[in-house]
Structure formats: C-alpha cells, structure tokens
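**Q** In terms of this note's numbering, the sequence shown is residues 13 to 250. We put the CB at the ideal spot given by N, CA and C, even for glycine.
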Amino acid sequence: MRNPRGVDVKSETNPRVFEVTFRMFKDQILNGELRPGDKLLPERELSQKLGVSRASLREVMRVLALLGVVEIKPGQGAFVRKPDLHMLQDFFGLVLAMEPALYEHLLEARMAIECRAIRLACRYAGPEVRAQLIDALDKIQHTVDDPDLGAEADFAFHAAIVEASGNKVLKLIYEAIASHLRRSHHERREAVAGKPDIIDSLSGDHVRVYDAIIAGDPDQAEAVLKEHFVLAQRTGRS
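What follows is the structure, encoded as structure tokens:
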C-alpha cells in the first residue's frame, strides 16, 4: 500500500515507516496543525492515514515517546508533548560526546550568545536579575580558592546575563548546553588555581561587566565581556 506521497510503507520491515511517520508529525507541528496537548488520531485511523500496519505504528509511537515528541496515556491515547529541555540537553550531550571537535565551536557559540544577551540585558535587566548578578559576583569573589564553588558562581553570573536578556530562545539554547559550559568553567578554574593575580583580573572583569549592565551601556558591556573572553582564553579560564 502506498501513502499519499507515493511511498510504500505498508511492510513492517520497511525502514522508512518511522521516517514517513515522523515527517508527518514534524510537518503538522511546524505548520501549526498540531500543538502541545493535542490528541492524535486513534490508532486505527492514524494507521490507515499513514498506510502502515497498527503494529508498525505502535513501534513508531514508542520511539516518538522516547524522543519526547508524544506522550502515550494508557486508556486515553497519544498526545503531542510540550518540548522538554532535557531532551535537547541529552541530544547536545550525545553530539558533543561523538564529535569532540565541536567543543571549541560550542565555546564560540557561547560567546556569540552572551555578547547578544548582554546588550539586551542593558535594556531589560530588572531588580530580580540584578540581584542574581550581585549574588554570583559576591560568590565569585569569595570562592577564589575553591574551583568547584568558584566555577559554579562564575557560571551563575554568565547565566544571569542571558536570563537578563529576556530572550527566551537565547535562554533555551544556553540552558541546553549548560552542563558543558559548567564543565568548561570548572576545567578552566582548576587551570588557574593558585594564581591569584589571574583570578583577581578575571574577577575584576565580572565587576566591570556588572557595572556596564547597571549603567545601561550596551557597547561598553559587550566590549568588556569580549575582553574577558580573550583574557580567559589566554589564561585558561572563562
């Protein structure tokens, strides 16, 4: 049997069953036909629409559930799931594990995200986010001898900049790579342990970044942040 696209997907051994089914869901989600929370067609109707056996459809649905695309509720049916950030994090983790060469590209992407975020932060940073920046700044200055706590405080400061941007997409991407950025902070913090002059310089950069945000000066804020990245790369920590 052929589906409307002319693809023979009736055979359960056809490797394109999943591809055709997934493509249909993807297209319907992208064009707005399906939204998070929507219930899918009953199994019989859906299998007929796709031109696949019900057994094949069940297997596909199980895979889609594992991927976080749908949620199967016993006795109720299958529903489109709201995007799960952890699935995106897992995906990035797998990609980076299989492609170590992408790690440096990840850090470059982080710089691009933060440089845009800090300009927006100068405009939109509210009292709550400013308090987060102050808290992280204080912890950075009081954890110079602790790579673990210092790295976490450093990450929190930079994450607060992205939070302050008010841009949900920037925040989503940043949070998706957060675990890898934390590792970067920790590795680089350990690299400068016992080097107070370097740590003082980097801590001073954070103060200058904060001051520029509070002053609402996007050009100065971005310039200081870029200087911080250059110094951090040169000394082994960002």
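Among A137, L52, A203, which one has its Cα closest to the Cα of F76?
**A** Indexing the sequence shown from 1 puts residue 76 at position 64. Looking at the sequence provided, one finds Leu at residue 76 rather than Phe. Here the closest residue by C-alpha is L52.
**Q** Would you report the Cα separation of K22 and L58, rounded to the nearest angstrom?
**A** Position 10 of the sequence shown holds residue 22. Position 46 of the sequence shown holds residue 58. Residue placement at K22 cannot be trusted, given a pLDDT of 44 that sits under 50; what the coordinates show is reported in the next sentence. A straight-line Cα-Cα distance of about 13 Å links K22 and L58.
**Q** With a threshold of 8 Å, are at least 3 pairs of Cβ atoms found where one atom belongs to the region 79 to 90 and the other to the region 37 to 57?
**A** The region 79 to 90 is in contact with the region 37 to 57.
**Q** Quick check on K22: does DSSP put it in helix, strand or coil?
**A** Along the sequence shown, read from residue 1 onward, the residue named residue 22 stands at position 10. The predicted position of K22 is uncertain, since its pLDDT is 44 and thus under 50; a value taken from the coordinates is nonetheless stated next. Here K22 sits in coil by DSSP.
**Q** Using alpha carbons as the reference points, say which of L145, S65, V242 lies closest to S213.
**A** Translated into positions along the sequence shown, residue 213 becomes position 201. The candidate whose alpha carbon is nearest that of S213 is V242.
**Q** Should the region 152 to 164 be regarded as contacting the region 199 to 214, the criterion being three or more beta carbon pairs within less than 8 Å?
**A** When C-beta atoms of the region 152 to 164 are compared with those of the region 199 to 214, three or more pairs fall below 8 Å, so the two segments count as touching.
**Q** Would you kindly report the start and end of the unbroken alpha helix (DSSP H) that includes G89?
**A** Start at 1 with the first residue of the sequence shown, and residue 89 comes out as number 77. It is not in any alpha helix (DSSP H) - G89 instead sits in the beta strand (DSSP E) that spans 89 to 92.
**Q** Checking 8 Å against the spacing of the C-beta atoms, do F169 and L145 come in under that value?
**A** In the sequence shown, residue 169 corresponds to position 157, counting from 1. In the sequence shown, residue 145 corresponds to position 133, counting from 1. Yes, these two residues count as a Cβ contact at 8 Å.
**Q** Only counting runs of 4 or more residues, tell me where the alpha helix (DSSP H) segments fall wholly within the region 140 to 226, in order along the chain.
**A** 159 to 177, 180 to 188, 190 to 203
**Q** Do A172 and V141 have their CB atoms nearer than 8 Å?
**A** In the sequence shown, counting from the first residue as 1, residue 172 sits at position 160. In the sequence shown, counting from the first residue as 1, residue 141 sits at position 129. Yes. Within cutoff.
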